[in-house]
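Just add 9 to the spot in the sequence shown (first one is 1) and you have this note's numbering.
Below is one structure, written out as structure tokens, with a few remarks after it.
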Amino acid sequence: MTAAPIKVEFLLVRVEDKEDSVWDVCIFGHQAVLKAFEKVYNGHYIEKSLFEDKPMIVIPEFPNEHHAEVWKEYWMEAFNDPDNACKSCPTVTQLFDTIGAHIMENKKKI
Numbered sequence: 010m011t012a013a014p015i016k017v018e019f020l021l022v023r024v025e026d027k028e029d030s031v032w033d034v035c036i037f038g039h040q041a042v043l044k045a046f047e048k049v050y051n052g053h054y055i056e057k058s059l060f061e062d063k064p065m066i067v068i069p070e071f072p073n074e075h076h077a078e079v080w081k082e083y084w085m086e087a088f089n090d091p092d093n094a095c096k097s098c099p100t101v102t103q104l105f106d107t108i109g110a111h112i113m114e115n116k117k118k119i
């Protein structure tokens with residue numbers, strides 16, 4: 010059975026600071042995806058964002074736009090084709106396992 014692509018949206022945000030600027034990555038998607046990023050990357054969960062009150066997770070402080078963009082592209086590819094995502098990468102495995110566990114936990118509550 011082939012896993013369907015997981016719908017996730019990413020937004021890069023430049024954060025101005027006194028001396029330097031850093032880049033945050035905002036992620037919008039299914040609650041299980043957001044909670045997984047919160048756990049695996051210690052992201053900041055926001056229940057009602059400025060973006061149409063949608064929940065989001067913020068992965069903060071990438072040192073530059075290129076780093077943030079490459080990270081975003083990596084995860085976009087993984088979510089577009091979960092069956093062929095890097096299964097040997099412990100972070101990918103942990104994130105997908107956490108998503109699955111969160112979905113199963115919510116099914117038990119129903």
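Just so you know, even glycine gets a beta-carbon here, dropped at the ideal spot from N, CA and C.
Check	Outcome
DSSP-derived helix/strand/coil call for isoleucine 36	strand
Whether valine 42 touches isoleucine 112 by CB criterion (7 Å)	no
Separation of valine 31 from glutamate 25, as counted between CA atoms	7 Å
Cβ pair glycine 52, phenylalanine 60 closer than 7 Å	no
Phenylalanine 19 - containing beta strand (DSSP E), residue span	17 to 25
Option in Asp106, Arg23 and Ala12 with minimal Cα separation from histidine 75	Arg23
Phenylalanine 71, enclosing alpha helix (DSSP H) - first and last residue	Here phenylalanine 71 belongs to no alpha helix (DSSP H); instead the beta strand (DSSP E) covers 65 to 71.
Terminal residues of the alpha helix (DSSP H) in which lysine 81 lies	74 to 89
Bridge partners - valine 49, DSSP secondary structure assignment	Paired residues: none, contrary to the question.
7 Å CB neighbourhood of asparagine 73 in its chain, flanking five on each side removed	Trp32
Nearest to phenylalanine 37 (by Cα), restricted to the options Ala77, Lys116, Lys117 and Lys57	Lys57
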